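Following: one structure in structure tokens, then a few remarks.
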Amino acid sequence: MAQAAAPLERQSLLADVWSPRLSSWGLRASAVIYLTVLIVVPLFVIGVEGLRNGLDSFWTSVTRPAAISAVWLSVWTAGVMAIINTLMGTLTAYVLLQYRFPGKRLLDSLIDLPFAIPTLVTGVMLVLLYGPQTAIGGFFERELGVRVLFAPPGIVLALLFLGYPFVIRAVQPVLAQLDIHQQEAAHTLGASQWTTFRRIILPALLPAMISGGMLSFARALGEFGSIVIVAGNVPMRSQTGAVYIYGQVEGGNMGAASAVSLVMLAIALATTLGVDFLYRWRWQHART
Amino acid sequence: MRERNVNSWAGGLLLGVVLLYAAALLFAPIFALLSGAFRDGIEPVLNALTTPDALAALRLTATLAISAALINAILGLICAWVLVRHEFPGRRFFNALVDLPFVVSPVIVGYVMIVLFGRMGWLKDFPVQLAFSVEGMLLVTVFVSLPFVIREVQPTLAALTNEQEEAAYTLGASQWLTFRRIIFPTIRHALTYGVVLTLARALGEFGAIAVIGGGVQGATETATIYVFRSMHDRNPISAYSMAVLLGLIAVLILVMMNKLRPGHRKGH
Numbered sequence: 041m042a043q044a045a046a047p048l049e050r051q052s053l054l055a056d057v058w059s060p061r062l063s064s065w066g067l068r069a070s071a072v073i074y075l076t077v078l079i080v081v082p083l084f085v086i087g088v089e090g091l092r093n094g095l096d097s098f099w100t101s102v103t104r105p106a107a108i109s110a111v112w113l114s115v116w117t118a119g120v121m122a123i124i125n126t127l128m129g130t131l132t133a134y135v136l137l138q139y140r141f142p143g144k145r146l147l148d149s150l151i152d153l154p155f156a157i158p159t160l161v162t163g164v165m166l167v168l169l170y171g172p173q174t175a176i177g178g179f180f181e182r183e184l185g186v187r188v189l190f191a192p193p194g195i196v197l198a199l200l201f202l203g204y205p206f207v208i209r210a211v212q213p214v215l216a217q218l219d220i221h222q223q224e225a226a227h228t229l230g231a232s233q234w235t236t237f238r239r240i241i242l243p244a245l246l247p248a249m250i251s252g253g254m255l256s257f258a259r260a261l262g263e264f265g266s267i268v269i270v271a272g273n274v275p276m277r278s279q280t281g282a283v284y285i286y287g288q289v290e291g292g293n294m295g296a297a298s299a300v301s302l303v304m305l306a307i308a309l310a311t312t313l314g315v316d317f318l319y320r321w322r323w324q325h326a327r328t
Numbered sequence: 031m032r033e034r035n036v037n038s039w040a041g042g043l044l045l046g047v048v049l050l051y052a053a054a055l056l057f058a059p060i061f062a063l064l065s066g067a068f069r070d071g072i073e074p075v076l077n078a079l080t081t082p083d084a085l086a087a088l089r090l091t092a093t094l095a096i097s098a099a100l101i102n103a104i105l106g107l108i109c110a111w112v113l114v115r116h117e118f119p120g121r122r123f124f125n126a127l128v129d130l131p132f133v134v135s136p137v138i139v140g141y142v143m144i145v146l147f148g149r150m151g152w153l154k155d156f157p158v159q160l161a162f163s164v165e166g167m168l169l170v171t172v173f174v175s176l177p178f179v180i181r182e183v184q185p186t187l188a189a190l191t192n193e194q195e196e197a198a199y200t201l202g203a204s205q206w207l208t209f210r211r212i213i214f215p216t217i218r219h220a221l222t223y224g225v226v227l228t229l230a231r232a233l234g235e236f237g238a239i240a241v242i243g244g245g246v247q248g249a250t251e252t253a254t255i256y257v258f259r260s261m262h263d264r265n266p267i268s269a270y271s272m273a274v275l276l277g278l279i280a281v282l283i284l285v286m287m288n289k290l291r292p293g294h295r296k297g298h
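Quick note, the sequences are listed as chains S and V, same order. If you're matching positions, the first sequence starts at 41 in our numbering and goes up one per residue. If you're matching positions, the second sequence starts at 31 in our numbering and goes up one per residue.
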């Protein structure tokens, strides 16, 4: 998503050809109105509602134990997911590009499944796979004493599924255009595969890895459809921020909902701004 | 990078780890869903999918997704055009905001709708009833699927060379003709891809429409809400059947996505 923001800088004489007409004003007005109504207004509403009863009431709503625990659960599960996902996503992209193996095409075409499938369906699939009555879920609970589903591990699993394509799709293009010669030179000079990876491939990949990971984190933070099925949603134990907000809205407790919404949105926005910053940084460094 | 066979134990280990991870993450859940839904054969699944409630939910989902895709195809195209081609104060601001729906929790979106259009909302006298109505559900579906067309079309539009356009224009072609004959064929592919992504996102939406629609059976219940309610009511066969159907649609969408996915553009 974020990489599309780069190629904006472009001016030509067509700007003069197209713009002075009335129709062009109409286009611009529709775009601005559309984006304002759909995005600026909701943003404004969240800000105003979150703070309308003053900072004290905002603070009281946010610091309630159930609210803190819910936001924290969202943050740490999304964080754990982002770390595992950054590692495994990079390795997957590397393997998909480097090696020939049976089932490669199938794997490559299934990578985007999490983008295509309703997250609620993901939740149902995980219940069928890891639920307490299933073979795997039962094994974990009886033999290892770990509850997978209706507990935080289930949340991390759902988020891992959701986040899988993000890092892969961010890393793939960078990996594909890495200089073959550099690699081969390193290789002929006697560098092991591991050294080549560590000294040449990894530094080039790092910005894409981190921004892909951060984007998956931002996306996972607000996830609702799969979580509400797999988490169990017990306050203070397995209730995430999004589920907490849902509960407050359903209960008519708008003050609490708005305060926590503001916090969640701020975290997500800060993360995406970080991604944007990283892209610009990479852009500049690629030029020098 | 050149493709090659696995030639070292470290490479073999790496491949093994990745395949195991992908199998556990992607393949195992699909397999679990299929074996769960078809435990007693195909008949119960078909029966569950042809109940009036299930059909109504499917119809509503189709209506919402197709309408949202149409709206975002047209307005998304206009937004992409304006953001790439026009110079005006606030362009950067709007461009940065386009990604917002991607990271805002759907629940928050539903909550904003209640704040605006609910019984005690800021705009409670708004002429169209948007709270707990299909119109409101369409609005949030359009919101959550807004970035896709814009973000897919933008780079193609920005990469378009001017010569052809300028030539056509100088030769007296009207703006509309230039757009239709020169610009549209170039961006058609990206536009289609964006629309497919929009459809996928719209079909799968749950949180926002559950909050704003209220999920009234047969009225504001979509396919995803139907799955949720069936899980909640401990009616597994209904939930699994609908989930399988939604999964099947997702696979069709995935096939289209793979056909349309832009090749990894150089210089990105």
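From the three backbone atoms N, C-alpha and C, an ideal C-beta is built for every residue, glycine too. This structure is a prediction, so every number in the text was calculated from the model and none was measured.
S:GLN212: buried (16+ other C-beta within 10 angstroms of its C-beta) or exposed?
For the purposes of this step, residue 212 of chain S is taken as residue 172 along the first sequence, with counting starting at 1. Result: buried.
Contacts around S:GLY119, its chain only, beta-carbon distance under 8 angstroms, and the 5 residues preceding and following it disregarded
In the first sequence, counting from the first residue as 1, residue 119 of chain S sits at position 79. Excluding positions up to five away in sequence, the list reads PHE257.
Closer than 6 angstroms by C-beta to V:ALA95: which residues in its own chain qualify, once you throw out the five before and the five after it? Chain order, please.
Position 65 of the second sequence, counting from 1, holds the residue named residue 95 of chain V. Around V:ALA95: LEU229, ALA232 and LEU233.
I need the straight-line Cα distance from S:ASN125 to V:ALA203, nearest angstrom please.
If you number the first sequence from 1, residue 125 of chain S lands on position 85. If you number the second sequence from 1, residue 203 of chain V lands on position 173. The alpha-carbon atoms of S:ASN125 and V:ALA203 are separated by roughly 51 angstroms.
At a Cβ cut of 9 angstroms, what residues of the segment 192-206 of chain S count as close to chain V, listed as they run along the chain?
LEU197, LEU200, PHE201 and TYR204
Chain V beta carbons: is any one of them nearer than 8 angstroms to that of S:TYR319?
If you number the first sequence from 1, residue 319 of chain S lands on position 279. Output row for S:TYR319: interface = no.
Does DSSP classify S:ARG145 as helix, strand or coil?
Here residue 145 of chain S corresponds to residue number 105 of the first sequence, with the count starting at 1. Residue state, collapsed to three classes: helix.
Apart from the five residues just before and just after V:ALA198, which ones in its own chain have a Cβ nearer than 6 angstroms to its Cβ?
On the second sequence, position 168 is the one that residue 198 of chain V refers to. Result list for V:ALA198: THR208 and ILE212, in chain order.
For V:LEU55, does the count of other Cβ atoms within 10 angstroms reach 16, so buried, or fall short, so exposed?
Looking up residue 55 of chain V in the second sequence gives position 25. V:LEU55 is buried by the Cβ-count criterion.
Under 8 angstroms, do S:VAL270 and S:ILE195 count as touching if we go by C-beta distance?
The sequence position of residue 270 of chain S within the first sequence is 230, counting from 1. The sequence position of residue 195 of chain S within the first sequence is 155, counting from 1. Cβ distance < 8 angstroms, so S:VAL270 and S:ILE195 count as in contact.
Assigned exposure category for V:MET143 - 16 Cβ within 10 Å defines buried
To locate residue 143 of chain V, count along the second sequence from 1; it is residue 113. Classification of V:MET143: buried, given that the 10 Å Cβ count is 16 or more.
Start and end residues, alpha helix (DSSP H) containing V:GLU73
The sequence position of residue 73 of chain V within the second sequence is 43, counting from 1. Unbroken alpha helix (DSSP H) run through V:GLU73: 73-79.
With distances taken between CB atoms, is the gap from S:GLN121 to S:LEU200 smaller than 8 angstroms?
Reading the first sequence from its first residue, position 81 is the one you call residue 121 of chain S. Reading the first sequence from its first residue, position 160 is the one you call residue 200 of chain S. The sequence given here places Met at residue 121 of chain S; Gln does not occur at that position. Yes, they are a contact pair.
What is the DSSP secondary structure of V:ARG319, reduced to helix, strand or coil?
Outside the modelled stretch of chain V, which goes from 31 to 298, sits residue 319 of chain V, for which no answer is possible.
With distances taken Cα to Cα, identify the nearest neighbour of V:GLY277 among S:ALA110, S:SER109, S:MET165 and S:VAL80.
One-based indexing of the second sequence puts residue 277 of chain V at position 247. The residue with the shortest Cα to Cα distance from V:GLY277 is S:MET165.
Given that a residue counts as buried once 16 or more other Cβ atoms are within 10 Å of its Cβ, and exposed if not, what is S:PRO205?
Mapped onto the first sequence, residue 205 of chain S falls at position 165. Label assigned to S:PRO205: buried.
Tell me, to the nearest whole angstrom, how far the beta carbon of V:GLY134 is from that of S:ALA308; I am working on the premise that it is less than 8 angstroms.
Residue numbering aside, residue 134 of chain V sits at position 104 when the second sequence is read from its first letter. Residue numbering aside, residue 308 of chain S sits at position 268 when the first sequence is read from its first letter. Per the sequence shown, the amino acid found at residue 134 of chain V is Val instead of Gly. Sure, about 7 angstroms apart at Cβ, within 8 angstroms.
Partner residues on chain V for S:MET249, Cβ-Cβ distance less than 7 angstroms:
Numbered from 1 along the first sequence, position 209 holds the residue referred to as residue 249 of chain S. The premise fails here: S:MET249 is roughly 15 angstroms from chain V at the closest Cβ pair, so nothing lies under 7 angstroms.
Would you call the CB atoms of V:VAL36 and V:LEU45 closer than 8 angstroms?
Taking the first residue of the second sequence as 1, we reach residue 36 of chain V at position 6. Taking the first residue of the second sequence as 1, we reach residue 45 of chain V at position 15. In this structure, V:LEU45 lies closer than 8 angstroms to V:VAL36 by Cβ.
Report yes if the CB atom of S:SER266 is closer than 8 angstroms to the CB atom of S:LEU318, and no otherwise.
On the first sequence, position 226 is the one that residue 266 of chain S refers to. On the first sequence, position 278 is the one that residue 318 of chain S refers to. It is not a contact, given that the beta carbons lie outside the stated cut-off.
Range of the contiguous alpha helix (DSSP H) that encloses V:ASN288
As a position in the second sequence, residue 288 of chain V is number 258, starting the count at 1. Element bounds for V:ASN288: 266-290.
Just to confirm the assignment: which complete alpha helix (DSSP H) runs, minimum length 4, are found wholly within the segment 104-157 of chain V?
121-127, 130-133 and 136-147
Hey, V:ILE235 and V:PRO136: beta-carbon distance below 8 angstroms or not?
Position 205 of the second sequence, counted from the start, is the residue given in the question as residue 235 of chain V. Position 106 of the second sequence, counted from the start, is the residue given in the question as residue 136 of chain V. Looking at the sequence provided, one finds Glu at residue 235 of chain V rather than Ile. A contact, by the Cβ cut-off of 8 angstroms.
Going by C-alpha to C-alpha distance, which of V:ILE72, V:LEU113 and V:PHE68 sits closest to V:GLN184?
Along the second sequence, one-based indexing puts residue 184 of chain V at 154. Checked all of V:ILE72, V:LEU113 and V:PHE68; the closest Cα to V:GLN184 is V:LEU113.
Please confirm if the segment 105-120 of chain S is in contact with the segment 174-185 of chain S, defined as three or more CB-CB distances below 8 angstroms between the two stretches.
no
Span of the alpha helix (DSSP H) around S:VAL125
Here residue 125 of chain S corresponds to residue number 85 of the first sequence, with the count starting at 1. Strictly speaking, residue 125 of chain S in this sequence is Asn, with Val absent from that position. Its alpha helix (DSSP H) spans residues 105-138.
Rounded separation between S:TRP99 and S:ASN293 - CA only
Indexing the first sequence from 1 puts residue 99 of chain S at position 59. Indexing the first sequence from 1 puts residue 293 of chain S at position 253. About 15 angstroms.
Do V:ILE242 and V:VAL170 have their beta-carbon atoms positioned less than 8 angstroms apart in this structure?
In the second sequence, counting from the first residue as 1, residue 170 of chain V sits at position 140. In the second sequence, counting from the first residue as 1, residue 242 of chain V sits at position 212. Taking 8 angstroms as the Cβ cut-off, V:VAL170 and V:ILE242 qualify as a contacting pair.
Using 8 angstroms for Cβ pairs, my map puts V:VAL257 next to V:VAL75. What's the rounded Cβ distance?
Residue 257 of chain V sits at position 227 when you count from the first residue of the second sequence. Residue 75 of chain V sits at position 45 when you count from the first residue of the second sequence. 13 angstroms between Cβ atoms; not a contact.
Between the segment 82-89 of chain S and the segment 139-157 of chain V, can you find at least three pairs of beta-carbon atoms closer than 8 angstroms?
yes
Test: S:ALA297 CB closer than 8 angstroms to a CB of chain V
Sequence index remark: in the first sequence, residue 297 of chain S carries index 257 (1-based). So, interface residue.
Taking the alpha helix (DSSP H) that S:GLY253 falls in, what are its first and last residues?
For the purposes of this step, residue 253 of chain S is taken as residue 213 along the first sequence, with counting starting at 1. Residues 242-261.
For S:ILE79, would you say it is in contact with chain V, using Cβ-to-Cβ distances shorter than 8 angstroms as the test?
Looking up residue 79 of chain S in the first sequence gives position 39. Interface residue, yes.
Which whole-angstrom value describes the C-beta separation of V:ALA189 and V:LEU88, a residue pair presumed to lie in contact below a C-beta threshold of 8 angstroms?
One-based indexing of the second sequence puts residue 189 of chain V at position 159. One-based indexing of the second sequence puts residue 88 of chain V at position 58. Incorrect: roughly 39 angstroms between the Cβ atoms, too far for contact.
Among V:THR186, V:ALA40, V:ILE108 and V:GLY41, which one has its Cα closest to the Cα of S:GLY66?
On the first sequence, position 26 is the one that residue 66 of chain S refers to. Closest by alpha carbon: V:ILE108.
Expressed to the nearest angstrom, what Euclidean distance is found between the alpha-carbon atoms of V:GLY245 and V:MET167?
On the second sequence, position 215 is the one that residue 245 of chain V refers to. On the second sequence, position 137 is the one that residue 167 of chain V refers to. Looking at the two C-alpha atoms, the distance is approximately 10 angstroms.
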